[in-house]
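K.L.:
Input: one structure, supplied below.
Chains as they are written, first to last, in our numbering: chain A, 1 to 361; chain B, 1 to 300.
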C-alpha cells in the first residue's frame with residue numbers, strides 16, 4: 001500500500017501564496033497526473049510531496065504516516081527530474097547504485113541484482129558502463145528512471161520528465177512509462193504542462209491553475225464534464241469554443257439565446273433564473289453544412305487547417321469565433337458561408353460570471 | 001598551397017596579429033625571459049652587486065649548494081610553508097564556499113567579509129598580524145589566556161614563527177580561493193544535490209562524491225594558483241620576521257634576497273633562483289600527474 005494524501009497543502013514564498021490549500025488523495029498504484037500551465041504550482045506541489053520545499057500549511061500523509069515536515073529521505077519516495085539530474089562524473093551503473101551504496105546496508109550482490117533487473121526492464125543493460133554525456137536524451141531518461149526503480153520506493157515522483165525529448169521519443173517514452181506503471185504496479189505522481197501527456201498517462205488527472213486545484217478526475221471525465229471554463233479550455237486541442245449567450249427559462253427547459261441563433265435545451269438546469277451564460281462547444285460537436293440547407297446558425301469560414309484525415313475550420317459568427325472539426329474531404333473554403341449545428345446533448349453551459357459549469361438535472 | 005591573393009591576405013592577417021602581440025612580447029622578453037637567461041648565465045659566474053668584475057666559476061655555485069645548510073633549511077621551510085598553507089587554505093575556502101553557497105539572507109555581506117583580507121595590502125596585513133601576535137599585549141595571547149591556555153611567543157619562537165605566518169597566510173588566501181570555488185559551486189545544477197538528498201545521501205557524502213568531483217577543474221586551478229603564490233612568499237617574512245628567529249622562517253625567496261641584496265652575491269642568488277624555479281616546476285608537474293587525471297570536466 002502506498003497512498004499519498006494532501007490535506008489543505010499550501011505554500012507561500014515570503015508571505016506570497018503560490019499554492020492554495022490543495023486537497024488530493026492519490027490511491028495505491030494510481031498514476032496521478034498534475035497538469036496546468038506554467039506557474040500554476042504543480043511543480044511546487046510535487047516538490048512539497050518530495051520534501052524539497054517546506055509545506056507552509058496543511059498536512060501530507062504517505063501510507064497514513066504524517067510526513068509533512070519529514071526530511072526527503074524519510075519519505076520513501078524517488079523522483080525523476082526534468083533535467084534527469086544524473087551525476088555527470090559517474091557511469092550509468094554508478095548513478096543507479098550511488099544512493100543504495102551510500103544509504104542502505106544492502107549487499108553488493110543485491111544491488112547488482114536490482115540494477116540488472118531495472119536495466120533489463122528499461123533496455124539499458126548495454127549502457128551501464130557509459131557516462132551520461134555518452135548517452136542520448138532518451139537513454140539518460142531511462143537511467144534516471146532506473147535510479148528511481150532500484151530504490152524500490154513507495155511513491156515515484158516525475159517532474160516533467162519528457163519535456164526535454166523530441167516529439168517522437170516523447171510518444172515512445174510515454175508508452176514505456178505506461179507499460180512500467182502497469183507491469184510494476186507503481187504509485188506515481190507525475191507533473192506535466194502537456195495536456196496530451198496528462199490525458200494519455202493518467203489514471204486520474206488533477207488540474208491546477210494559479211495555485212488552486214480546479215478539478216480531479218479520470219481523463220475522459222475531465223474532457224466530457226469539465227467543472228469550469230478553465231478546465232474546459234485547458235483540456236482538448238483545439239480548445240473548446242465558448243459562446244456568450246443569454247439563458248431564458250422556457251417551460252420544462254430553457255432557451256439559450258445568442259445574437260445569431262436561439263436553441264432550446266430540454267430538461268431542468270441547476271440554475272433556473274435568467275442571465276448570461278457561456279455555451280461550450282468542442283470542435284467535434286459542430287456539424288457544418290452547405291448554406292442552403294437548414295441549420296441552427298450561420299457563419300463565415302475565417303481559416304482552415306488540414307491536419308491529415310481531418311480539417312479544422314475557424315468560423316466567425318458575429319463577434320464570436322468557434323472551431324469545427326470536419327472530414328478533410330468536406331473542408332469548406334475560406335470565406336464561404338456555412339450552416340452550423342451543435343450536438344445539444346453534449347454541449348456544456350457555464351455561468352458567465354463565475355465560469356462554473358451548470359449541471360443539467 | 002596558398003597562392004596569389006589568398007597568400008597576401010594570409011600574410012596581412014598574420015602581420016596584424018604580430019603587430020598586436022608586439023607590445024606584450026617586448027615586455028615579456030625584457031622583464032621575464034631576458035632576466036631568466038641572465039640569471040642562468042650569472043649562476044655560472046662570480047658576480048657582485050655594483051661591481052663590473054665578473055669571473056667564470058663553472059658549476060662552483062651549484063656545488064656550493066650541497067654544503068650550504070641554510071639553503072637546505074630555506075628550501076625545507078618553503079616546502080613546509082607551501083605544503084601546509086595551500087591544502088589548509090583550500091580546505092577552509094571550500095568549507096566557507098559551501099557554507100556561503102546558499103540563498104539565505106545576508107550572504108552577500110558574509111561573502112564580502114570573508115573576501116576582505118584579500119584586499120588588504122600584504123605589508124599592511126603583516127603589520128597588523130605582528131601586533132596581533134605580540135607576546136605581551138597581543139589580542140591572540142589574550143584570547144588564549146581567556147581559555148586558560150598558555151601564552152605563546154609566536155613570531156619570537158623558532159618553534160611557532162612559521163606556524164604563525166602560515167595561520168596568517170591561510171587567513172589571507174582563504175577568501176580569494178573561496179570566491180573562485182563559490183563561482184564553481186554555483187555552476188553545479190541544484191537538482192543533482194536534490195536527487196542525492198532524496199536518495200538519502202548525507203551532506204558529507206554529497207560533498208565528497210558530488211560537489212568535489214564536479215568542481216575538480218576549479219580545485220585543480222586553485223591548487224596551481226596557490227602553489228604559484230605560496231612559493232613566492234617574501235613580503236610576510238620580510239615584514240614580520242626577517243627570516244628569523246634562527247632562520248626558522250627563512251624561505252628561499254628571502255634567502256635569495258639576502259644573498260643578492262645584503263651580501264651582494266648576485267651569482268649565488270641567481271643560482272638559488274634557478275633552483276627555486278626547478279623546485280616549483282617539479283612541484284607543479286607532480287600536482288599535474290597526481291590530480292590532472294582525476295579532474296572531471298563537465299560535458300566531456
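From the three backbone atoms N, C-alpha and C, an ideal C-beta is built for every residue, glycine too.
Note that the coordinates shown come from a computational prediction; the quantities given were computed from them, not determined experimentally.
Does the beta-carbon distance from residue 75 (chain A) to residue 185 (chain A) come in below 8 Å?
P.N.:
Not closer than 8 Å, so no.
K.L.:
Would you check if the segment 173-189 of chain B and the segment 245-259 of chain B touch, i.e. whether three or more CB-CB distances between them fall below 8 Å?
P.N.:
No, the segment 245-259 of chain B does not touch the segment 173-189 of chain B.
K.L.:
Along the segment 286-297 of chain B, what residues have a CB closer than 8 Å to any CB found in chain A?
P.N.:
Against chain A - using a Cβ distance shorter than 8 Å - the residues of the segment 286-297 of chain B are 296.
K.L.:
Take residue 42 (chain A) as the anchor and find which of A:225, A:314, A:260 and A:206 has the nearest alpha-carbon.
P.N.:
Ranking the options by Cα distance to residue 42 (chain A), first place goes to A:206.
K.L.:
Would a C-beta distance cut-off of 8 Å place residue 239 (chain B) and residue 126 (chain B) closer than the cut-off?
P.N.:
Taking 8 Å as the Cβ cut-off, residue 239 (chain B) and residue 126 (chain B) qualify as a contacting pair.
K.L.:
Look up residue 299 (chain B) in the DSSP assignment and say whether it is helix, strand or coil.
P.N.:
Confidence at residue 299 (chain B) is low in this model, with a pLDDT of 49, below 50, so its placement is unreliable and the value that follows should be read with caution. If DSSP states are grouped into helix, strand and coil, residue 299 (chain B) belongs with coil.
K.L.:
Beta carbon of residue 209 (chain A), beta carbon of residue 40 (chain A): below 8 Å?
P.N.:
Cβ distance < 8 Å, so residue 209 (chain A) and residue 40 (chain A) count as in contact.
K.L.:
May I have the straight-line CA-CA distance separating residue 58 (chain A) from residue 308 (chain A), to the nearest angstrom?
P.N.:
Cα-Cα distance, rounded: 48 Å.
K.L.:
Closer than 7 Å: is that where the CB of residue 33 (chain A) sits relative to any heavy atom of the ligand COA?
P.N.:
In the structure shown, the ligand COA is absent, as is every other ligand, since no ligand is present at all.
K.L.:
On a CA-only basis, which of A:219, A:242, A:7 and A:98 is nearest residue 65 (chain A)? Give me that one, please.
P.N.:
Answer by Cα proximity: A:7.
K.L.:
Buried or exposed for residue 300 (chain B), going by 16 or more other Cβ atoms inside 10 Å?
P.N.:
Residue confidence for residue 300 (chain B) is low, a pLDDT of 43 falling below 50, so the modelled location carries little weight and cannot support an answer.
K.L.:
On the DSSP bridge assignment, give the partners of residue 245 (chain A) in chain order.
P.N.:
Note: residue 245 (chain A) sits in a beta bridge opposite A:277.
K.L.:
What did DSSP end up calling residue 8 (chain B) once you bin it into helix, strand or coil?
P.N.:
In the structure shown, residue 8 (chain B) sits in a helix (DSSP, three-state: H, G or I).
K.L.:
What's the C-alpha gap between residue 296 (chain B) and residue 214 (chain B)?
P.N.:
Cα-Cα distance, rounded: 7 Å.
K.L.:
Can you give me the start and stop residues for the alpha helix (DSSP H) that residue 81 (chain B) sits inside?
P.N.:
Residue 81 (chain B) -> alpha helix (DSSP H) spans 69-100.
K.L.:
Tell me the residue span of the beta strand (DSSP E) that contains residue 55 (chain A).
P.N.:
Taken as a continuous stretch (DSSP letters only), residue 55 (chain A) belongs to no beta strand (DSSP E), as it is neither H nor E.
K.L.:
Could you tell me which chain A residues have their CB closer than 7 Å to the CB of residue 192 (chain B), listed as they occur along the chain?
P.N.:
By Cβ distance, chain A contributes 85 and 87.
K.L.:
Can you name the residues that DSSP bridges to residue 11 (chain A)?
P.N.:
Answer by DSSP bridge pairing, in chain order: A:19.
K.L.:
Does DSSP put residue 354 (chain A) in a helix, in a strand, or in coil?
P.N.:
Correct three-state label for residue 354 (chain A): coil.
K.L.:
Report all residues from its chain with a CB closer than 6 Å to the CB of residue 88 (chain B); omit the five preceding and five following residues, and keep chain order.
P.N.:
Hits under 6 Å: 170.
K.L.:
CB residue 31 (chain A) to CB residue 190 (chain A), shorter than 8 Å?
P.N.:
Contact flag set, yes.
K.L.:
Could you check if residue 192 (chain B) is buried or exposed, using at least 16 other CB atoms within 10 Å of its CB as the buried criterion?
P.N.:
The residue is buried, with at least 16 neighbouring Cβ atoms inside 10 Å.
K.L.:
Give me the Cα-Cα distance between residue 234 (chain B) and residue 83 (chain B), rounded to the nearest whole angstrom.
P.N.:
Approximately 16 Å, taken between the alpha carbons.
K.L.:
Please compile the residues from chain A whose C-beta is within a distance smaller than 8 Å of the C-beta of residue 180 (chain B).
P.N.:
Near residue 180 (chain B) there are no residues of chain A at all, since even the closest Cβ is about 20 Å away, more than 8 Å.
K.L.:
Using a Cβ cut-off of 9 Å, which residues of the segment 102-120 of chain A contact any Cβ in chain B, in chain order?
P.N.:
If the cut-off is 9 Å between Cβ atoms, the segment 102-120 of chain A has 102, 103 and 104 near chain B.
K.L.:
With a threshold of 8 Å between beta carbons, is residue 81 (chain A) in contact with chain B?
P.N.:
Yes, contact with chain B.
K.L.:
Which bits of chain A does residue 210 (chain B) rub up against, with CB to CB less than 7 Å?
P.N.:
What residue 210 (chain B) touches in chain A: 87.
K.L.:
Should residue 161 (chain A) be flagged as near chain B, meaning a C-beta pair shorter than 8 Å?
P.N.:
Answer no: the Cβ-Cβ gap between residue 161 (chain A) and chain B never drops below 8 Å.
K.L.:
Does the beta carbon of residue 227 (chain A) come closer than 8 Å to any beta carbon on chain B?
P.N.:
Not one chain B Cβ lies under 8 Å of residue 227 (chain A).
K.L.:
Tell me, to the nearest whole angstrom, how far the beta carbon of residue 324 (chain A) is from that of residue 283 (chain A); I am working on the premise that it is less than 8 Å.
P.N.:
The Cβ separation is near 6 Å, so the contact holds.
K.L.:
Straight-line CA distance for residue 284 (chain B) to residue 272 (chain B)?
P.N.:
So the alpha carbons of these two residues sit roughly 18 Å apart.
K.L.:
Which residue from B:219, B:265, B:257 and B:143 puts its Cα closest to that of residue 61 (chain B)?
P.N.:
Of the listed residues, the one whose Cα sits closest to residue 61 (chain B) is B:265.
K.L.:
Is residue 204 (chain A) buried or exposed, if buried means 16 or more other CB atoms sit within 10 Å of its CB?
P.N.:
Buried: at least 16 other Cβ atoms inside 10 Å.
K.L.:
Determine which residues share a DSSP beta bridge with residue 254 (chain A) and list them.
P.N.:
DSSP, once it has assigned bridges, lists A:249 and A:265 as partnering residue 254 (chain A).
K.L.:
Should the segment 118-126 of chain A be regarded as contacting the segment 45-64 of chain A, the criterion being three or more beta carbon pairs within less than 8 Å?
P.N.:
The segment 118-126 of chain A, when compared against the segment 45-64 of chain A, does not touch it at the 8 Å Cβ threshold.
K.L.:
Since residue 177 (chain A) is in the alpha helix (DSSP H), which residue starts that stretch and which ends it?
P.N.:
Per DSSP, residue 177 (chain A) belongs to the alpha helix (DSSP H) from 167-184.
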